[in-house]
Amino acid sequence: MLDLTPQELTAIGLSLKVASWATLVALPLAVLVALVLSRCRFLGRSLLGALVLLPLVLPPVVTGYALLLLFGRQGAVGAWLADNLGLVFAFRWTGAALAAGVMGFPLMVRAIQLSAEAMDRGLEEAAGTLGANRIFAFLTVTLPLIAPGIIAGAILCFARAMGEFGATITFVSNIPGETQTLPTLIYTLTQVPGGEAAALRLTLISAAISITALLLSEWIARAVSRRVKAS
Numbered sequence: 001m002l003d004l005t006p007q008e009l010t011a012i013g014l015s016l017k018v019a020s021w022a023t024l025v026a027l028p029l030a031v032l033v034a035l036v037l038s039r040c041r042f043l044g045r046s047l048l049g050a051l052v053l054l055p056l057v058l059p060p061v062v063t064g065y066a067l068l069l070l071f072g073r074q075g076a077v078g079a080w081l082a083d084n085l086g087l088v089f090a091f092r093w094t095g096a097a098l099a100a101g102v103m104g105f106p107l108m109v110r111a112i113q114l115s116a117e118a119m120d121r122g123l124e125e126a127a128g129t130l131g132a133n134r135i136f137a138f139l140t141v142t143l144p145l146i147a148p149g150i151i152a153g154a155i156l157c158f159a160r161a162m163g164e165f166g167a168t169i170t171f172v173s174n175i176p177g178e179t180q181t182l183p184t185l186i187y188t189l190t191q192v193p194g195g196e197a198a199a200l201r202l203t204l205i206s207a208a209i210s211i212t213a214l215l216l217s218e219w220i221a222r223a224v225s226r227r228v229k230a231s
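Each residue of the sequence shown is one higher than the last, beginning at 1 in UniProt numbering.
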């Protein structure tokens, strides 16, 4: 059952790489957007919240096609990045990470936003009265208090990125060794005669990784929450 082929090992490794980069790159922006949505009142706030959640309700294929139009070699953003920075997304693993990050971003933002809305703002004000500036108060008060939401959101984004299929295959195709992640390989195996056993094996592995990530998220969030309350 665990006698994996080189192709399967490559797909698993690429999925872990894509999901890790997607989560790490999206995390700072997710924290910023979540804090803006939870604390700021401005014209267009509802629109920003809707745009953040849009990948959750759009068909993934539509999201992937939009990414192709924007970040493809002929897209407005993709052409500039390729010509000026040498950064190419279309049909590269970097594009798979971008697609996975976009699909997991709403889950991350929502978890952090809920955590930020639940925290006691009076603690920040108390830090300010004691002479702490905004940056110091954020690092020593706000960040530790919303840490459970950040951790939970990051792991949820990672798990979502591991399972991303529709946007990925539309944006970067299904190229073995380059963009063929675990979900796209499973899809490929289901189309090949005799590939059902390998597809089932990879499905179980994918499910095990996702369940582990979710359990780890709960455990870390609770541990951090207990530590913050104790301090």
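Each residue gets a CB set at the ideal place from its N, CA and C atoms; glycine is no exception.
Need the endpoints of the alpha helix (DSSP H) that residue i sits in, please.
i	result
Arg-39	6-39
Gly-153	143-162
Phe-136	134-137
Quick check on residue i: does DSSP put it in helix, strand or coil?
i	result
Glu-125	helix
Val-88	coil
Phe-42	coil
Ala-118	helix
Leu-53	helix
Leu-130	coil
Flag this pair as yes or no: are the beta carbons of residue i and residue j separated by less than 8 angstroms?
i	j	result
Met-103	Thr-63	yes
Ala-118	Arg-39	no
Leu-70	Ala-76	yes
Phe-110	Val-88	The question names Phe, but residue 110 is Arg in the sequence shown. No, they are not a contact pair.
Phe-105	Ala-19	no
residue 240	Ala-154	Since the first and last residues shown for the chain are 1 and 231, residue 240 lies out of range.
Val-141	Leu-123	yes
Gly-195	Thr-10	no
Met-108	Ser-15	no
Glu-32	Arg-45	The question names Glu, but residue 32 in the sequence shown is Leu. No, they are not a contact pair.
Ala-90	Leu-58	no
**Message:** In chain order, what are the residue ranges of uninterrupted alpha helix (DSSP H) at least 4 long that sit wholly in the region 59-83?
**Reply:** Listed in chain order, they are 60-71.
**Message:** Could you tell me which whole alpha helix (DSSP H) segments of length 4 or greater appear in the region 165-206?
**Reply:** Qualifying alpha helix (DSSP H) stretches, in chain order: 166-172 and 182-190.
**Request:** Mind the definition here: the region 96-112 touches the region 154-171 only if three or more C-beta pairs lie below 8 angstroms; say whether that holds.
**Result:** In short, these stretches touch, since the Cβ pair count reaches three.
**Message:** Could you check whether the region 24-31 touches the region 147-167, counting it as contact only if at least three pairs of C-beta atoms, one from each stretch, sit closer than 8 angstroms?
**Reply:** These segments touch.
**Prompt:** If you pair each beta-carbon of the region 181-190 with each one of the region 200-207, do three or more pairs fall below 8 angstroms?
**Reply:** They touch, by the three-pair rule.
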